[in-house]
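Those protein sequence lines, which keep their order, are chains A and B.
Following this note's numbering, the numbering of the first sequence begins with 2 at its first residue and continues without gaps.
Following this note's numbering, the numbering of the second sequence begins with 2 at its first residue and continues without gaps.
Note that the Cβ used here is the ideal one computed from N, Cα and C, for glycine as well.
First the structure, in the form of structure tokens, and then the observations on it.
Protein chains: 2
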Amino acid sequence: MKHITIKDVARKLNVSVSTVSRAFNDKYDIRTETKELILKTAEEMGYRPNPIARKLIQQRSLNIGIIVPEFVNSFFPEVIMGAQEILLEKGYQVLIMQSNESWETEFNNVKTMVDNMVDGLIISLSCENQNIENYKKLIDSDMPIVFFNRVVEDLPASKVVFDDFKWAFFATEHLLVQGHRDIVHLTGPKNLTLSKNRLKGFDAAHRKYKVPLGRKVACSFSMEAGAKVALEMIENKEVPSAIFAASDQSAIGAMKVFKEHGYEIPKDIAFVGFSESRLAEHIVPALTSVSQPTRDIGQTAANLLLEQIETKGLFVPQTIVLNGRLNVRESSMKI
Amino acid sequence: MKHITIKDVARKLNVSVSTVSRAFNDKYDIRTETKELILKTAEEMGYRPNPIARKLIQQRSLNIGIIVPEFVNSFFPEVIMGAQEILLEKGYQVLIMQSNESWETEFNNVKTMVDNMVDGLIISLSCENQNIENYKKLIDSDMPIVFFNRVVEDLPASKVVFDDFKWAFFATEHLLVQGHRDIVHLTGPKNLTLSKNRLKGFDAAHRKYKVPLGRKVACSFSMEAGAKVALEMIENKEVPSAIFAASDQSAIGAMKVFKEHGYEIPKDIAFVGFSESRLAEHIVPALTSVSQPTRDIGQTAANLLLEQIETKGLFVPQTIVLNGRLNVRESSMKI
DNA sequence: CTGTTAGCGCATTCAT
DNA sequence: ATGAATGCGCTAACAG
């Protein structure tokens, strides 16, 4: 792994290293011909400036870090692709890490990124996350960060979020309009803002239609969790007429169990999920679900971050709320 | 972003920087009490060694780069998780990039990784990839690389692959045993070894059963491609009795079109896919498919890489072939 | 056991 | 327009 350095190029051309350096950073005075000669020779020699050394002295890396809880589902990958489109175009490289929903891994990831001098961070918090002090410190120390999707209120940073309240409201309203009066909400992880908002939307819809608030059952964002909850309902003979799940995963897990136990969907029990997974439209019956503008979320986060990096100190954090859509499919159709 | 440096700690304690450095790299002689004092003080001051500076001098980063073509499907994310399990445990951090199936992006990613002095690389090639000269150079220069899944034969590096031939053979055999005599193979991208091997397995099964070789239709790894091909078959009235696709994506795309055109599956046309996607078991009818040991692939690749990093020069590239399973589901069941 | 010194590869100030 | 010298933060050889 013998790297060709700036010295090698300088020696070969009998110029000083600073001249070579100048050739690669066109802000300095340098004669056009020498510059071109240097660039050409460097190219031939296979020389590329060492970004490690560059980072050390310049305090910037042209790298952006993205940290997500997982990427087995398509949601986060799609967001990442959106962000990457913007970032690559501006000359940034994107480094991605996943926290596996673990708070500890998450912060180790952050440390790695910071230590590697990324110029900014785009983060979606792990479910487990409680301790936001570390993020406060980081923000205080002027590290540009944009949070998305999984955010917590009291962090003075830019955020890109979805209008969870509104769309949970519409999703629930849809079920109410179909005549359902006994709807159970499978919540998301309690500490996440988005879970709270989806729950609030669920309740608000009930109030609007003057229907007694539906039951809530704690549930995480996984098929297994949804399946477990469904099984309990069946065993306890507490099967509602419809389920509004805070995630497609839990909805699909629950649906599967109900189907296996002979329930017909949507006749015996209707389903609405949240956050359009790839699966939603392919399973049978297809799952009614709220879709989020994943790509747009990524692009918006990237743009916010770039803005913050460029304006540095005098930047005011802003929260951007994006809109979605309710895709009505068979799982909740009137029969 | 004012970083606390080794100097700050040294000054505070009236010791030299090298003593502080020693405290953080326990291979040197240092009195236990001074070491502990330094570590404690450093901790209080919020000092952490700057890995950038460390990299510059040490030529190692404890970072491993993973580059995959995409991660919207669950295959690559699962492999990454497998690799990450091994790597994290050994103290490595994992940086992930995606090439979007673009050769250019892929090699830019490689450059970024190399420039950032990752200690090793785990790569799955983009479909588009043709030019392997760059990889040859990289390998010559002693960068440890392990390829997986998407590999090309003549690269002198370790590889973790699936026995595509064998499982394509079994998949095809399964269809032949069901009585199908007119099977079409939707191939994968031509330049990939795995496409070639799946195709060979397809032919070999035909030979074993003394059935004339089935038709092959070029197709890429996407639902859209599968759908397009299916439409052409219908329009040309060349609908076979069964389809063996080189990917679940193309199988699912094709299935959808056939269903929309009134074909019953598996009665009118049977389907077998390849490389278990999350979708396969959830769509209707559920798709028969060859499943790969994703997590195992990741772990194996990581272990190979670590071995290579540790033994450095005297390492002999090896190719590890992993086994899979054929999950028979409704899409190909005898009726 | 600890301090002094040099240098990783580069950008930048100050000379010329 | 170019070269020499300094230092980013750190490790490692060499002294003592």
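Minimum Cβ-Cβ distance from I7(A) to chain B less than 8 Å: no
Under 8 Å (Cβ pairs) to chain A, residues found in the region 42-65 of chain B: R49, N51, P52, I53, A54, K56, L57, Q60 and N64
Alpha-carbon spacing of M2(B) relative to N198(B), whole angstroms: Note that M2(B) scores a pLDDT of 48, beneath 50, so its modelled location is shaky and nothing firm can be said.
Distance CB(A303(A))-CB(I87(A)) smaller than 8 Å: Yes, they are a contact pair.
Where S75(B) meets chain A, residues with beta-carbon distance less than 7 Å: V73
Under 8 Å from the C-beta of I97(A): neighbouring residues of chain B: L96, I97, M98 and Q99
Chain-ordered neighbours of H283(A) on chain B, where CB pairs are closer than 9 Å: I253, K257, L280, H283, I284 and V285
Distance between C128(A) and V153(A) (C-alpha atoms, nearest Å): 11 Å
Close-in-space but distant-in-sequence residues of the same chain around I39(B) (CB under 6 Å, 5 per side omitted): V21 and A24
Beta-carbon neighbours of D116(B), restricted to chain A and to distances below 8 Å: R49, N51, P52 and I53
Pairwise C-alpha distance: I253(B) and M224(B): 6 Å
Three-pair Cβ contact test at 8 Å for the region 306-313 of chain A versus the region 8-21 of chain B: no
Alpha-carbon to alpha-carbon, N324(B) and E239(A): 44 Å
Residues that DSSP places opposite H186(A) in a beta bridge: K217(A) and F245(A)
Where K160(B) falls: helix, strand or coil (DSSP): If DSSP states are grouped into helix, strand and coil, K160(B) belongs with the strands.
Stretch-stretch touch, CB-based, cutoff 8 Å, three pairs: the region 68-80 of chain B with the region 64-78 of chain A: Yes, since at least three Cβ pairs between the region 68-80 of chain B and the region 64-78 of chain A fall closer than 8 Å, the two stretches touch.
Outcome for P52(A) when other beta-carbon atoms lying within 10 angstroms are tallied against a minimum of 16: buried
When P286(A), A247(A) and I284(A) are compared against G338(A), the one with the closest alpha-carbon: Outside the displayed span of chain A (2 to 336) sits residue 338(A), for which this structure offers no information.
Whole runs of the beta strand (DSSP E) within the region 9-62 of chain A, excluding any shorter than 3 residues: none
Candidates E45(B), E331(B), M118(B) and D30(B), of which the one nearest D143(B) by Cα: M118(B)
From S333(B), I31(B) and R12(B), residue whose alpha carbon lies closest to that of A339(B): Outside the shown range of chain B (2 to 336) lies residue 339(B), about which nothing can therefore be said.
Status (buried if at least 16 other CB within 10 Å, exposed otherwise) for A281(B): In the assembly as shown, A281(B) is a buried residue. Its beta-carbon has 16 or more other beta-carbons within 10 Å.
Option nearest T173(B) by Cα separation, candidates K160(B), I266(B), V212(B) and F148(B): V212(B)
Short CB-CB distance (under 8 Å) between P78(B) and chain A: yes
Proximity test, Cβ basis, 8 Å: T113(A) and chain B: yes
7 Å CB neighbourhood of F259(B) in its chain, flanking five on each side removed: A231, I266 and I270
Which of helix, strand or coil DSSP assigns to M2(B): Below a pLDDT of 50, predicted positions are generally treated as unreliable, and M2(B), at 48, falls in that range; the measurement from the model is reported next regardless. Coil.
Extent of the continuous beta strand (DSSP E) run through G121(B): G121 to I124
A169(A): CB within 7 Å of a non-hydrogen atom of the ligand ADP: The ligand ADP is not part of the structure shown, which contains no ligands of any sort.
Where the beta strand (DSSP E) containing N64(B) begins and where it ends: Secondary structure note for N64(B): its beta strand (DSSP E) is the uninterrupted segment N64 to V69.
Proximity of T188(B) and C220(B) at Cβ, strictly below 8 Å: yes
Pairwise C-alpha distance: I67(B) and I321(B): The alpha-carbon atoms of I321(B) and I67(B) are separated by roughly 18 Å.
Alpha-carbon to alpha-carbon, A84(B) and K28(B): So the alpha carbons of these two residues sit roughly 29 Å apart.
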